[in-house]
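Residue numbers (UniProt numbering), protein chains in the order written: chain A, 1 to 333; chain B, 1 to 333.
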DNA sequence: GTCGGGCTTGTAAACGATTACAAGAACGAT
DNA sequence: ATCGTTCTTGTAATCGTTTACAAGCCCGAC
């Protein structure tokens with residue numbers, strides 16, 4: 001005995017399938033009709049098949065979230081925010097890991113044409129012409145969490161990392177630090193480029209020269225540790241920095257471990273500032289001063305944009321910038 | 001001009017829809033036929049509609065992962081492992097947050113009857129008769145990551161936390177600690193009960209009495225801090241513990257912050273052991289000795305079980321137990 | 001009494017794929 | 001030459017819904 005279909009319910013209730021469908025979808029019906037249908041539904045334990053429904057109405061009530069790595073804490077915060085908004089609106093969330101390759105991202109965007117989801121929220125780690133093109137031609141609405149050219153004509157939500165950098169530098173300068181170094185992630189990534197430029201500009205605004213700039217191979221704890229010697233080692237002929245800004249919290253924590261190993265005290269000898277203001281920032285020791293780039297808010301806003309665009313695909317694309325703030329903790333004086 | 005359908009391709013290629021479908025699904029076809037279809041597909045940019053396909057074949061090639069909170073690091077590790085296995089097998093992953101309420105979990109399991117996914121991987125935080133019943137009656141294969149009664153007749157993958165506890169206690173005892181306390185999470189949760197019992201048994205094995213047991217309101221950093229006084233405060237008439245085992249890493253890190261605030265040194269004054277061996281364990285300071293309960297492996301094995309059951313629903317349910325190991329770091333002597 | 005308008009309900013045609021079945025072609029064996 | 005077998009291809013049914021359209025009914029207005 002297999003699952004009852006709408007036809008079974010109709011038979012059991014002695015009405016037509018159309019009537020069953022109408023009652024189930026809340027369209028006007030007489031009291032008696034409604035009751036007969038409800039009873040039959042309850043008796044048979046009928047549950048409508050969403051596959052069939054999707055085919056007919058052309059919507060799946062699913063949205064895809066694509067990030068480079070679901071395990072990365074930055075994305076986790078975003079994902080949680082997205083999931084909240086999306087599920088409150090009655091959608092399910094499909095998460096996909098794109099990996100670091102652009103071609104995989106492009107394949108994913110193209111694949112949306114299969115229609116397994118009603119929209120795509122993508123946070124590309126690297127962007128090129130192909131990707132922009134595929135996004136513009138995508139069969140379903142797309143929102144980008146990150147930085148793509150305005151001419152792409154797509155809704156975007158991004159952080160203002162230059163401004164965030166400035167907050168960090170202002171704070172350090174106010175505390176008397178002048179020998180400021182920067183620990184970046186890979187410079188060929190979207191956040192990597194943005195932060196490198198932001199750092200340079202922020203120092204310029206204070207008429208300072210960077211003491212040292214290092215580039216970790218990845219935005220991870222391990223890469224942060226590995227890159228530390230480049231900032232502290234013999235190569236730094238000008239002497240040690242008295243403050244290091246890191247492109248994310250994981251790098252910062254990695255660096256702090258190496259500082260401790262080198263016998264340097266945070267913040268007395270070297271101040272450390274992270275970015276993302278993840279939960280890690282208040283869990284590490286000493287607690288980490290970090291630039292809050294609003295990842296939760298970015299996730300929330302992006303999800304809202306996507307829902308709005310699904311509602312009305314003709315609205316003009318919006319480009320939202322979420323403002324940063326600085327969470328001051330113990331890793332700076 | 002809307003998306004081309006299989007009928008459009010058939011027309012363009014001058015063949016029947018059946019032939020197009022066959023070529024696309026790799027069924028035998030003459031060289032010429034294959035080529036004509038391929039060309040038409042390429043010309044039109046045809047992409048098959050997965051909604052229609054799902055309806056017809058009765059499968060969506062999606063799997064649902066249900067956890068209490070997608071943001072929780074334990075689940076993140078599991079999710080990453082699950083996503084890897086699942087996507088390698090050609091499935092998409094739908095993630096759902098159930099929240100802490102059992103009724104929501106039950107509703108979710110029942111809702112699987114809608115057929116939007118081919119299987120469910122659920123990690124219930126609390127279990128009752130209703131939930132077990134709904135799982136047993138579920139329309140699609142279910143695998144439980146966690147502990148449900150054997151009579152539920154469902155594939156399960158779980159950690160061996162009693163054994164993990166024993167590893168922790170053995171280690172502490174070997175290092176000369178005898179005044180061992182336990183910081184648990186909520187005792188009415190599945191992991192909470194298991195770990196409480198594991199702790200009691202492990203101490204008994206060494207003929208030791210627990211110095212103190214506290215129960216945090218949640219498995220979080222904040223709850224860990226809040227619960228610290230119960231272990232360190234005046235209430236502990238018997239004096240301070242010389243070691244604390246915590247039910248997860250977040251609690252441990254929360255506790256360590258309070259220890260530092262109270263002027264106690266880890267591990268000299270108090271040794272601390274966490275559980276889960278999450279990335280946090282090597283990122284915090286001092287690095288945290290932690291019981292590895294194999295969350296990644298649990299995720300992987302659970303996903304594999306689910307795929308296997310989808311393949312063959314008649315196989316006898318398996319109950320896999322993943323063995324723990326102890327990662328020794330600096331928070332213990 | 002007849003007509004028209006508004007409700008309710010049913011019939012049947014989609015949605016876009018897969019696939020059972022049948023028809024036709026090709027080919028070798030007798 | 002005929003038959004049977006195998007292989008390729010096409011026709012049409014099917015999956016389980018939603019929904020356009022039409023039919024039937026009731027009711028009040030003329």
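Even glycine gets a Cβ: it sits at the ideal position worked out from N, Cα and C.
- Query: Among A:129, A:163, A:111 and A:169, which has the Cα closest to the Cα of residue 151 (chain A)?
  - Reply: Counting from one through the first chain, the residue named residue 151 (chain A) turns up at place 151. Nearest option by C-alpha distance: A:129.
- Task: Measure the Cβ-Cβ separation of residue 322 (chain B) and residue 298 (chain B) and say whether it is below 8 Å.
- Result: Here the question's residue 322 (chain B) lines up with position 322 in the second chain. Here the question's residue 298 (chain B) lines up with position 298 in the second chain. Their beta carbons are under 8 Å apart, which means residue 322 (chain B) touches residue 298 (chain B) by this criterion.
- Span of the alpha helix (DSSP H) holding residue 129 (chain B)? Your numbering for residue 129 (chain B) matches position 129 in the second chain. 129-136 is the span of the alpha helix (DSSP H), which, as asked, contains residue 129 (chain B).
- Going along chain A, which residues have a C-beta under 8 Å from residue 70 (chain B)? Translated into positions along the second chain, residue 70 (chain B) becomes position 70. Simply 76, 79, 80 and 83.
- Cβ distance (whole Å) where residue 257 (chain A) is taken to contact residue 301 (chain A) below 8 Å: For the purposes of this step, residue 257 (chain A) is identified with residue 257 of the first chain, where counting begins at 1. For the purposes of this step, residue 301 (chain A) is identified with residue 301 of the first chain, where counting begins at 1. With 8 Å as the limit, residue 257 (chain A) and residue 301 (chain A) do not qualify as a contact, their Cβ atoms being about 34 Å apart.
- For the putative contact between residue 247 (chain A) and residue 195 (chain A), defined by C-beta atoms under 8 Å, what is the C-beta separation to the nearest angstrom? Along the first chain, read from residue 1 onward, the residue named residue 247 (chain A) stands at position 247. Along the first chain, read from residue 1 onward, the residue named residue 195 (chain A) stands at position 195. The Cβ separation is near 5 Å, so the contact holds.
- Query: Beta-carbon separation of residue 120 (chain B) and residue 140 (chain B) under 8 Å?
  - Reply: On the second chain, position 120 is the one that residue 120 (chain B) refers to. On the second chain, position 140 is the one that residue 140 (chain B) refers to. Result yes, Cβ atoms of residue 120 (chain B) and residue 140 (chain B) sit closer than 8 Å.
- Grab me the residues of residue 241 (chain A)'s own chain with a C-beta within less than 7 Å of its C-beta, minus the 5 sequence neighbours each way, in chain order. Counted from its first residue, the first chain places residue 241 (chain A) at position 241. Result list for residue 241 (chain A): 179, 180, 181, 211, 212, 231 and 270, in chain order.
- State the beta-bridge partners of residue 327 (chain B) as determined by DSSP. Along the second chain, read from residue 1 onward, the residue named residue 327 (chain B) stands at position 327. Residue 327 (chain B) is bridged to B:290.
- What is the rounded straight-line gap between the Cα of residue 320 (chain B) and the Cα of residue 296 (chain B)? Your numbering for residue 320 (chain B) matches position 320 in the second chain. Your numbering for residue 296 (chain B) matches position 296 in the second chain. Each residue's alpha carbon lies about 14 Å from the other.
- Task: Check the Cβ of residue 171 (chain A) against every Cβ in chain B and list those closer than 7 Å, keeping chain order.
- Result: Sequence index remark: in the first chain, residue 171 (chain A) carries index 171 (1-based). Neighbours of residue 171 (chain A) on chain B: none; closest Cβ ~23 Å, over 7 Å.
- Query: Closest to residue 277 (chain B) by CA distance: which of B:267, B:252, B:265 and B:268 is it?
  - Reply: Residue 277 (chain B) sits at position 277 when you count from the first residue of the second chain. Comparing Cα positions, the closest option is B:252.
- Going along the chain, which residues of its own chain have a beta-carbon closer than 7 Å to the beta-carbon of residue 7 (chain B), five neighbours each way excluded? One-based indexing of the second chain puts residue 7 (chain B) at position 7. Within the same chain, residue 7 (chain B) has close Cβ partners 17.
- Item | Within-8 Å CB hit, residue 284 (chain A) to chain B | Residue numbering aside, residue 284 (chain A) sits at position 284 when the first chain is read from its first letter. Yes, because at least one Cβ of chain B sits closer than 8 Å to the Cβ of residue 284 (chain A).
- Item | the stretch 20-27 of chain B touching the stretch 73-85 of chain B, judged by at least three CB pairs closer than 8 Å | no
- First and last residue of the alpha helix (DSSP H) that includes residue 121 (chain A)? If you number the first chain from 1, residue 121 (chain A) lands on position 121. Where residue 121 (chain A) is concerned, there is no enclosing alpha helix (DSSP H), although the beta strand (DSSP E) it sits in stretches over 119-122.
- Query: Counting Cβ pairs closer than 8 Å, one from the stretch 277-293 of chain A and one from the stretch 279-289 of chain B, do we hit at least three?
  - Reply: yes
- Task: Leaving out five residues on either side along the sequence, give the residues of the same chain with a beta carbon under 8 Å from the beta carbon of residue 163 (chain A).
- Result: For the purposes of this step, residue 163 (chain A) is taken as residue 163 along the first chain, with counting starting at 1. Excluding sequence neighbours, residue 163 (chain A) sits near 198, 323 and 324.
- Which term fits residue 292 (chain A), buried or exposed, when burial requires 16 or more other beta carbons within 10 angstroms of its beta carbon? Counting from one through the first chain, the residue named residue 292 (chain A) turns up at place 292. Flag for residue 292 (chain A) reads buried.
- Message: I'd like to know if residue 50 (chain B) contacts chain A, where contact means its C-beta is closer than 8 Å to some C-beta of that chain.
- Response: Translated into the one-based positions of the second chain, residue 50 (chain B) becomes position 50. For residue 50 (chain B), the answer is yes, since a Cβ of chain A falls inside 8 Å of its Cβ.
- Message: Between residue 279 (chain A) and chain B, is the shortest Cβ-Cβ distance under 8 Å, so that the two count as touching?
- Response: Indexing the first chain from 1 puts residue 279 (chain A) at position 279. Closer than 8 Å to some Cβ of chain B, the Cβ of residue 279 (chain A) qualifies, so yes.
- Item | Per-residue DSSP class, three states only, for residue 43 (chain B) | For the purposes of this step, residue 43 (chain B) is taken as the residue at position 43 of the second chain. The answer is helix: DSSP assigns residue 43 (chain B) an H, G or I state.
- Of the choices A:175, A:203, A:218 and A:113, whose alpha-carbon is the least far from that of residue 190 (chain A)? In the first chain, counting from the first residue as 1, residue 190 (chain A) sits at position 190. Nearest option by C-alpha distance: A:218.
- Item | Host alpha helix (DSSP H) of residue 198 (chain B) (start-end) | Residue mapping note: residue 198 (chain B) aligns to position 198 of the second chain, counting from 1. Looking at the DSSP string, the run of the alpha helix (DSSP H) that includes residue 198 (chain B) is 190-205.
- Give the straight-line distance between the Cα atoms of residue 65 (chain B) and residue 177 (chain A), rounded to the nearest whole angstrom. What you label residue 65 (chain B) is simply residue 65 of the second chain in a count that begins at 1. What you label residue 177 (chain A) is simply residue 177 of the first chain in a count that begins at 1. Approximately 48 Å between the Cα atoms of the pair.
- Partners in chain A for residue 139 (chain B), counting only beta-carbon separations shorter than 9 Å: Within the second chain, residue 139 (chain B) is the residue found at index 139, counting from 1. Within chain A, the residues near residue 139 (chain B) are 3 and 47.
- Of the choices B:313, B:289, B:275 and B:72, whose alpha-carbon is the least far from that of residue 329 (chain B)? Position 329 of the second chain, counted from the first residue, corresponds to residue 329 (chain B). Comparing Cα-Cα distances from residue 329 (chain B) to each of B:313, B:289, B:275 and B:72, the minimum goes to B:289.
- Task: Label residue 30 (chain B) either buried or exposed according to how many other C-beta atoms from any shown protein chain fall within 10 Å of its C-beta, with 16 as the threshold for buried.
- Result: Counted from its first residue, the second chain places residue 30 (chain B) at position 30. Burial call: exposed.
- In angstroms, rounded to a whole number, what distance separates the CA positions of residue 87 (chain A) and residue 94 (chain B)? Locating residue 87 (chain A) in the first chain gives position 87, where the first residue counts as 1. Locating residue 94 (chain B) in the second chain gives position 94, where the first residue counts as 1. Distance between the alpha carbons of residue 87 (chain A) and residue 94 (chain B): 12 Å.
- Query: Is the shortest distance between the beta-carbon of residue 259 (chain A) and the beta-carbons of chain B less than 8 Å?
  - Reply: Stepping through the first chain from its first residue, residue 259 (chain A) is reached at position 259. Chain B contact via Cβ: absent.
- Task: Return yes when the Cβ of residue 43 (chain A) is within less than 8 Å of the Cβ of residue 10 (chain A), no when it is not.
- Result: Position 10 of the first chain, counting from 1, holds the residue named residue 10 (chain A). Position 43 of the first chain, counting from 1, holds the residue named residue 43 (chain A). No, Cβ-Cβ distance for residue 10 (chain A) and residue 43 (chain A) is not below 8 Å.
- Task: Check the C-beta distance from residue 334 (chain B) over to residue 113 (chain A) and give it rounded, since I have them as a contact under 8 Å.
- Result: The question about residue 334 (chain B) has no answer here: the residues shown for chain B are numbered 1 through 333.
- Limits of the unbroken alpha helix (DSSP H) element including residue 253 (chain B): Indexing the second chain from 1 puts residue 253 (chain B) at position 253. Residues 249-261.
- Query: residue 187 (chain B) to residue 264 (chain A), Cα distance in whole Å?
  - Reply: What you label residue 187 (chain B) is simply residue 187 of the second chain in a count that begins at 1. What you label residue 264 (chain A) is simply residue 264 of the first chain in a count that begins at 1. So the alpha carbons of these two residues sit roughly 42 Å apart.
- Message: On the CB-based measure, 16 or more other CB atoms within 10 Å of its CB, does residue 216 (chain B) come out buried or exposed?
- Response: If you number the second chain from 1, residue 216 (chain B) lands on position 216. Per the 10 Å Cβ criterion, buried.
- Message: By the DSSP assignment, the beta strand (DSSP E) with residue 209 (chain B) in it spans what residues?
- Response: Mapped onto the second chain, residue 209 (chain B) falls at position 209. Element bounds for residue 209 (chain B): n/a, residue is neither H nor E.
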